[in-house]
Each structure stands twice: as structure tokens, then as C-alpha cells.
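Using the numbering used here, the letters of the sequence shown map in sequence onto residues 180 to 344.
Glycine included, each C-beta is placed from N, C-alpha and C at the ideal position.
Since the model is a prediction, treat every value here as computed from it, not as a measurement.
Working notes, beginning with the structure itself.
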Amino acid sequence: MAETLFKGTQVHTVGDLPSVGAAAPDFTLTGADLSDVSLGDYAGRRVVLNIFPSVDTGVCAMSVRRFNELAAGLDNTTVVCASADLPFALARFCGAEGIENVVTASTFRSSFADDYGTRLLDGPLAGLNARSVVVIDPEGKVVYTELVPETTQEPDYDAAVAALN
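This is how it looks when you write it as C-alpha cells:
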């Protein structure tokens, strides 16, 4: 169990993020078009998982926009933006915002949040994902993780991108 903050109040996750150096847990999420989105789809590519509570909040929306900008310049890299939002909400947001460089995917019918240790156990966002970033190398190994210390803060984009080198 890990701890983070939500508006200054301590909240807990179901577990810890995968360890750096460990094999990334496989996953199957639901894409905005209702197709499966799996880690195996990106074998041989670097993967950045931008994990967040809901695209309908300001900070979450900013993280998707920022990773969309960054993804345009990242070679051999796929950015997957994962939340518990329904695929329809993710598709609506991406369509309205012109988001085209990232893959959005819903955790709503998968064990992803438990497997990655991001499901919030308590607080007002219980059941949603804690704001986190996991970077996976082309061999499927975790090379960087961040559990953002305060849910209302954006992730450290520079550190995530630096981990790709």
C-alpha cells in the first residue's frame, strides 16, 4: 500500500507501483473505440503510462494534453493515457481537444488498477486511479515510476521523458 495526498489529506492505494527493473504487468484496457488496448500491442516499443483519476478534471485534462504534445516528438514510443473514465468520455474529450498522439484507454473493466497498484482505497476519489506515471522499455521492463505526491499536481513530465533515454 502506497500513500499520496488528495488536497492535502492522506489517501492510500491498493498497492505499490511496479518496481523499476521488474517486468511490467500485462494489461488489457478498453480503448476509446471499445477495442482492447494491451501492453503486448506495443511490444518492441517504449510505453509511457499516464495514469490519472478522470479526464473530466483540470489537472487530468492538462496531463493528457501535455503528454499528447510530448508524444509527437518521441520516437518508438506510445503514450497510453489510462483512467477509469468510460471510453465514451475519453473519445469525447480527445475529439473536442484534437488529441491524436496518445492512446486513451479505460480501466473500467480490467484489473489494471490493482495490478499496477494505482486504485485509491479511500478518500473522495476511492475506486479511481492515483495520478501516476510508469515508463516501460521496449523489452517490457519498468524503467521509471512516479506516484504523484499530491493528486492535484501534474506529473513530472521531464523525468518521464528523461527515463526514455
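Neighbourhood of residue i by C-beta, 8 Å cutoff - its chain only, sequence neighbours within 5 removed
| i | result |
| --- | --- |
| Thr192 | Met180, Ala181, Glu182, Thr183, Gly296, Thr297, Arg298, Leu299, Leu300, Ala309, Leu326 |
| Arg288 | Thr209 |
| Gly319 | Ala202, Ala203, Leu218, Ala222 |
Separation of residue j from residue i, as counted between CA atoms
| i | j | result |
| --- | --- | --- |
| Ile315 | Asp335 | 16 Å |
| Asp212 | Cys260 | 14 Å |
| Ala341 | Thr324 | 12 Å |
| Val227 | Leu218 | 11 Å |
| Phe185 | Ile230 | 15 Å |
| Glu329 | Ala222 | 32 Å |
| Phe291 | Leu196 | 11 Å |
| Glu276 | Asn344 | 29 Å |
Contacts around residue i, its chain only, beta-carbon distance under 7 Å, and the 5 residues preceding and following it disregarded
| i | result |
| --- | --- |
| Ser198 | Val321 |
| Cys273 | Ala211, Thr283 |
| Gly302 | Phe185, Thr188, Val190 |
| Val234 | Ala240, Val243, Ser262, Asp264, Ala268, Leu269, Phe272 |
DSSP-derived helix/strand/coil call for residue i
| i | result |
| --- | --- |
| Glu140 | Look at the range of the chain in this structure, 180 to 344, and you will see that residue 140 is not part of it. |
| Asn280 | coil |
| Asp301 | coil |
| Ser214 | coil |
| Leu249 | helix |
| Ala270 | helix |
Test item: CB-CB of residue i and residue j under 9 Å
| i | j | result |
| --- | --- | --- |
| Asn255 | Arg224 | yes |
| Val258 | Asn280 | yes |
Whole-Å CB distance - residue i paired with residue j, under 8 Å assumed
| i | j | result |
| --- | --- | --- |
| Ile278 | Val243 | 6 Å |
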